[in-house]
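Novice: Provided herewith is a single structure, encoded as structure tokens, for subsequent inquiry.
Protein chains: 2
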Amino acid sequence: MDDLALRRRGLDEVAGDRQRGASELARRCLEVLADYARAHPAKGVDELAAAVQSFALELGNARPSMAPVRNLLNRFLDCLPDLSGQSLDTARRLIVQAAGEVALQSQRAVEEVSRHGAALVGAGRTVITHSLSSTVLAVLSRLASSEVRAVITESAPLREGLLLAQALSQLEIDTEYITDAQIGVFAARSDLALVGADSLLRDGAAVNKAGTYLLALAARDAGIPFYVCCERFKFADYAAEAVTLEEMTASEVSAPQLPHVQVRNVYFDITPARLITAVVTEQGVVPTAAHRPS
Amino acid sequence: MDDLALRRRGLDEVAGDRQRGASELARRCLEVLADYARAHPAKGVDELAAAVQSFALELGNARPSMAPVRNLLNRFLDCLPDLSGQSLDTARRLIVQAAGEVALQSQRAVEEVSRHGAALVGAGRTVITHSLSSTVLAVLSRLASSEVRAVITESAPLREGLLLAQALSQLEIDTEYITDAQIGVFAARSDLALVGADSLLRDGAAVNKAGTYLLALAARDAGIPFYVCCERFKFADYAAEAVTLEEMTASEVSAPQLPHVQVRNVYFDITPARLITAVVTEQGVVPTAAHRPS
């Protein structure tokens, strides 16, 4: 495959992915980049290094609502040793190695987040969540033998809640599966809300699957805490005003085409910091400014 | 058909109805009752009167979340003239006539609500609603030539939003159709929220399709008013504590059967009065206590 075809294949996969959370997709990007480096038809090291660098930037722009995609790729570029003077084979190996190392850092961070998250939730609680976050799943998994109960949402339009239901079923965790519209009813019957995030913005707001903001509103109204699990790779250096919420194809929402009716499929929403009790990072539980004792 | 078969048929229809709003279903109950009176195998007027009375009470209990069902049937019983001394044929006619009169009162009330609602909304506004309310549709219909725009929700699990989309399309009203999870994103892009209600409780809270409470929370957070269209037949004489939220069969939610996973289908939620800017009744726009100038 030539350079363009290799890029197209990788970009299509990353832009079209609807199953992976932001952390997982960011790590997948590193694999895509490693595959690209392995298969690239470069004639010399400089050509390969330039190609990898520009493809990393391209991949980093593929999912604007997901900060870790860009952050992990930037971290990869920072970690990449100087390739000049190396053989082409060694250069490929060093690129693959750097990608693997950054992926490992990300995975370790997520593990630490889940450890802090599990300690925060504690035993015997009912946790309501929205969408499918691998970090939230890791938290619940750690608590499977501690009588944790889960309330999970369908998560329209692609219903990734079904995947979460399957995972929790295998973990033998008692789970209630609800439509997104029932979030208000079930927040009031839960002890706490726990979600992942695609990005955590400079102003402390969380970008996550549409419906997360509704859960945060319902949690506040029900008087239960709302926690966001979010390793620091998800921190973005811009605020809510700078966010373009990705809109996906309307065909994912099953609705007939009608004159005067436009089907909308905005994939993400923004939960402002004032609705977030605390953020669980790999460094521990960080109360948001709004909840920090003054 | 014997008495039991007639009752079963009517009760099954009313309990199983998922398309009609509370007002429409309450009027349908009066038709069911009229059909019952026409077909009933009573040998005498006293038997017929007793049967109609007890069936009206039975129907009135069929949909506990919908106050107008019981209210219209009670109004019917109040309006029914003394049947003793009448011929069986005349008695049937008087029963059918009373049912028709009460249905007409209900329909007139809804028309008045829609008139006040349209005046409240005014021209050129973007109205976000949830579920399918025939009263909200009547309001939008009155504003079709006044550049009103609508944001409507899928309304899981049975997606009655599709019916509303079809009606608005025919009215040539510019409409955005969203999943329930996008309510938070689109409330902030709308001028006001307008919903129907299945019941309005003594404490001013509104019982309506699950997700309405989320819209009310999002409306408050976005700083837009949240109005409930509700003729007085929907007023209930009990408060939120006394409400049993109807739960429908889990099979309406498409999800696989998994061990440890329970699919829930709570159909209604309760929006407290503090989130309701005003109620539009046939007597005009009534601000809730929370929004009334003191």
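Just so you know, the protein sequences line up as chains A and B, in that order. Under my numbering, the first residue of the first sequence is numbered 667, with each subsequent residue one higher. Under my numbering, the first residue of the second sequence is numbered 667, with each subsequent residue one higher. Ideal Cβ placement from N, Cα and C applies to all residues, glycine included.
Relative to the C-alpha of residue 933 of chain B, which residue among B:687, B:667 and B:668 is closest?
Specialist: Counting from 1 along the second sequence, the entry for residue 933 of chain B is found at position 267. The candidate whose alpha carbon is nearest that of residue 933 of chain B is B:687.
Novice: Residues in the same chain with beta-carbon distance under 7 Å from residue 711 of chain B, minus the five sequence neighbours each way, listed in chain order, please.
Specialist: Position 45 of the second sequence, counted from the first residue, corresponds to residue 711 of chain B. Counting only Cβ-Cβ distances below 7 Å, and skipping sequence neighbours, we find 749, 750, 752, 754 and 757.
Novice: Going residue by residue through the region 774-846 of chain A, where are the continuous alpha helix (DSSP H) segments of at least 4 residues, counting only ones entirely within it?
Specialist: Those alpha helix (DSSP H) runs which fall completely within the region 774-846 of chain A and span 4+ residues are 800-808 and 827-836.
Novice: Looking at chain A, is there any beta carbon in it that lies within less than 9 Å of the beta carbon of residue 845 of chain B?
Specialist: Locating residue 845 of chain B in the second sequence gives position 179, where the first residue counts as 1. Interface residue, yes.
Novice: Could you please give the first and the last residue of the uninterrupted beta strand (DSSP E) stretch that includes residue 936 of chain B?
Specialist: Translated into the one-based positions of the second sequence, residue 936 of chain B becomes position 270. From DSSP, the beta strand (DSSP E) with residue 936 of chain B extends over 934-937.
Novice: Leaving out five residues on either side along the sequence, give the residues of the same chain with a beta carbon under 8 Å from the beta carbon of residue 827 of chain B.
Specialist: Against the second sequence, residue 827 of chain B aligns to sequence position 161. Hits under 8 Å: 797, 798, 818, 819, 820, 821 and 843.
Novice: Using beta-carbon positions only, say whether residue 771 of chain B and residue 741 of chain B come within less than 9 Å of one another.
Specialist: Mapped onto the second sequence, residue 771 of chain B falls at position 105. Mapped onto the second sequence, residue 741 of chain B falls at position 75. Cβ atoms of residue 771 of chain B and residue 741 of chain B: closer than 9 Å.
Novice: Interface residues of chain A around residue 834 of chain B at Cβ under 9 Å?
Specialist: On the second sequence, residue 834 of chain B is found 168 positions in, with the first residue counted as 1. 924, 926 and 927, listed in chain order.
Novice: May I ask you to report which of helix, strand or coil DSSP gives residue 707 of chain A?
Specialist: The sequence position of residue 707 of chain A within the first sequence is 41, counting from 1. Correct three-state label for residue 707 of chain A: coil.
Novice: Name the chain B residues that come within less than 9 Å of residue 930 of chain A, Cβ to Cβ?
Specialist: Indexing the first sequence from 1 puts residue 930 of chain A at position 264. Chain B residues near residue 930 of chain A: 817, 842, 843, 844, 845, 848, 851 and 852.
Novice: I need the boundaries of the beta strand (DSSP E) containing residue 915 of chain B, first residue and last residue.
Specialist: Along the second sequence, one-based indexing puts residue 915 of chain B at 249. Segment: none, residue 915 of chain B is in no beta strand (DSSP E) and carries neither H nor E.
Novice: Quick check on residue 815 of chain B: buried or exposed, where buried means 16 or more other Cβ atoms within 10 Å of its Cβ?
Specialist: For the purposes of this step, residue 815 of chain B is taken as the residue at position 149 of the second sequence. Flag for residue 815 of chain B reads buried.
Novice: When the Cα atoms are used, what is the spatial distance from residue 994 of chain B to residue 683 of chain A?
Specialist: Nothing in the structure corresponds to residue 994 of chain B, since chain B is present only between 667 and 960.
Novice: When the distance is taken between beta carbons, is residue 783 of chain A closer than 9 Å to residue 802 of chain A?
Specialist: For the purposes of this step, residue 802 of chain A is taken as the residue at position 136 of the first sequence. For the purposes of this step, residue 783 of chain A is taken as the residue at position 117 of the first sequence. Going by C-beta atoms, residue 802 of chain A is nearer than 9 Å to residue 783 of chain A.
Novice: Check residue 865 of chain B in the structure and name its three-state DSSP category.
Specialist: For the purposes of this step, residue 865 of chain B is taken as residue 199 along the second sequence, with counting starting at 1. In this structure, residue 865 of chain B counts as strand in the three-state DSSP scheme.
Novice: If contacts are defined as beta-carbon pairs under 8 Å, then residue 966 of chain A and residue 936 of chain A qualify, I think. What distance do you get, rounded to the angstrom?
Specialist: The question about residue 966 of chain A has no answer here: the residues shown for chain A are numbered 667 through 960.
Novice: DSSP state of residue 950 of chain A, grouped into three classes?
Specialist: Stepping through the first sequence from its first residue, residue 950 of chain A is reached at position 284. If DSSP states are grouped into helix, strand and coil, residue 950 of chain A belongs with the strands.
Novice: Show which residues of chain A have a CB atom less than 7 Å away from the CB atom of residue 877 of chain B.
Specialist: Stepping through the second sequence from its first residue, residue 877 of chain B is reached at position 211. 847, listed in chain order.
Novice: Determine, using beta carbons only, whether residue 794 of chain A comes closer than 9 Å to chain B.
Specialist: One-based indexing of the first sequence puts residue 794 of chain A at position 128. It does not; no Cβ of chain B falls within 9 Å.
Novice: Where does residue 734 of chain A land, buried or exposed, given buried means 16+ other C-beta within 10 angstroms?
Specialist: Residue mapping note: residue 734 of chain A aligns to position 68 of the first sequence, counting from 1. Buried is the call here.
Novice: Got a sec: which bits of the region 932-954 of chain A sit with their beta carbon under 8 Å from any beta carbon on chain B, in order along the chain?
Specialist: From the region 932-954 of chain A, only 932 and 935 have a Cβ closer than 8 Å to chain B.
Novice: Looking at residue 926 of chain A and residue 838 of chain B, is the spacing between their C-beta atoms short of 9 Å?
Specialist: Within the second sequence, numbered from 1, the residue matching residue 838 of chain B stands at position 172. Within the first sequence, numbered from 1, the residue matching residue 926 of chain A stands at position 260. Closer than 9 Å, so yes.
Novice: From residue 954 of chain A to residue 939 of chain A, what distance separates their C-alpha atoms?
Specialist: Against the first sequence, residue 954 of chain A aligns to sequence position 288. Against the first sequence, residue 939 of chain A aligns to sequence position 273. Distance between the alpha carbons of residue 954 of chain A and residue 939 of chain A is about 7 Å.
Novice: Do you know offhand how far residue 886 of chain B's Cα is from residue 946 of chain A's?
Specialist: To locate residue 886 of chain B, count along the second sequence from 1; it is residue 220. To locate residue 946 of chain A, count along the first sequence from 1; it is residue 280. Using only the alpha carbons, I get a separation of about 28 Å.
Novice: For the structure I just gave you, are there three or more beta carbon pairs, one from the region 891-908 of chain B and one from the region 848-867 of chain B, closer than 8 Å?
Specialist: Yes, the region 891-908 of chain B is in contact with the region 848-867 of chain B.
Novice: Classify residue 800 of chain A: buried if its beta carbon has 16 or more other beta carbons within 10 angstroms, exposed otherwise.
Specialist: Position 134 of the first sequence, counting from 1, holds the residue named residue 800 of chain A. When all chains shown are included, residue 800 of chain A counts as buried.
Novice: Residues of chain D with CB under 7 Å from residue 823 of chain A, in chain order?
Specialist: No chain D is part of this structure, whose protein chains are labelled A and B.
Novice: By the DSSP assignment, the alpha helix (DSSP H) with residue 909 of chain B in it spans what residues?
Specialist: To locate residue 909 of chain B, count along the second sequence from 1; it is residue 243. Looking at the DSSP string, residue 909 of chain B is not in any alpha helix (DSSP H), and its letter there is neither H nor E.
Novice: CB residue 790 of chain B to CB residue 696 of chain B, shorter than 9 Å?
Specialist: As a working note, residue 790 of chain B is residue 124 in the second sequence. As a working note, residue 696 of chain B is residue 30 in the second sequence. Cβ atoms of residue 790 of chain B and residue 696 of chain B: not closer than 9 Å.
Novice: At a Cβ threshold of 9 Å, is residue 883 of chain B touching chain A?
Specialist: Locating residue 883 of chain B in the second sequence gives position 217, where the first residue counts as 1. Yes, because at least one Cβ of chain A sits closer than 9 Å to the Cβ of residue 883 of chain B.
Novice: Using a Cβ-Cβ distance under 9 Å, would residue 813 of chain A count as near chain B?
Specialist: Taking the first residue of the first sequence as 1, we reach residue 813 of chain A at position 147. No, residue 813 of chain A does not count as interfacial toward chain B.
Novice: Could you tell me whether any Cβ in chain B is nearer than 9 Å to the Cβ of residue 718 of chain A?
Specialist: The count along the first sequence starts at 1 and reaches residue 718 of chain A at position 52. Not an interface residue.
Novice: Threshold first: 4 residues or longer. Then list the alpha helix (DSSP H) segments lying entirely within the region 671-725 of chain B, N to C.
Specialist: As far as the region 671-725 of chain B is concerned, its whole alpha helix (DSSP H) runs of at least 4 residues are 688-705.
Novice: In three-state terms, what does DSSP make of residue 746 of chain A?
Specialist: Stepping through the first sequence from its first residue, residue 746 of chain A is reached at position 80. Coil at residue 746 of chain A, not helix or strand.
Novice: Measuring CB to CB, does residue 928 of chain B end up less than 9 Å from residue 841 of chain A?
Specialist: Looking up residue 928 of chain B in the second sequence gives position 262. Looking up residue 841 of chain A in the first sequence gives position 175. Their beta carbons are under 9 Å apart, which means residue 928 of chain B touches residue 841 of chain A by this criterion.
Novice: Quick one: what does DSSP say residue 728 of chain B is sitting in, helix, strand or coil?
Specialist: For the purposes of this step, residue 728 of chain B is taken as the residue at position 62 of the second sequence. Residue 728 of chain B falls in the coil class under three-state DSSP.
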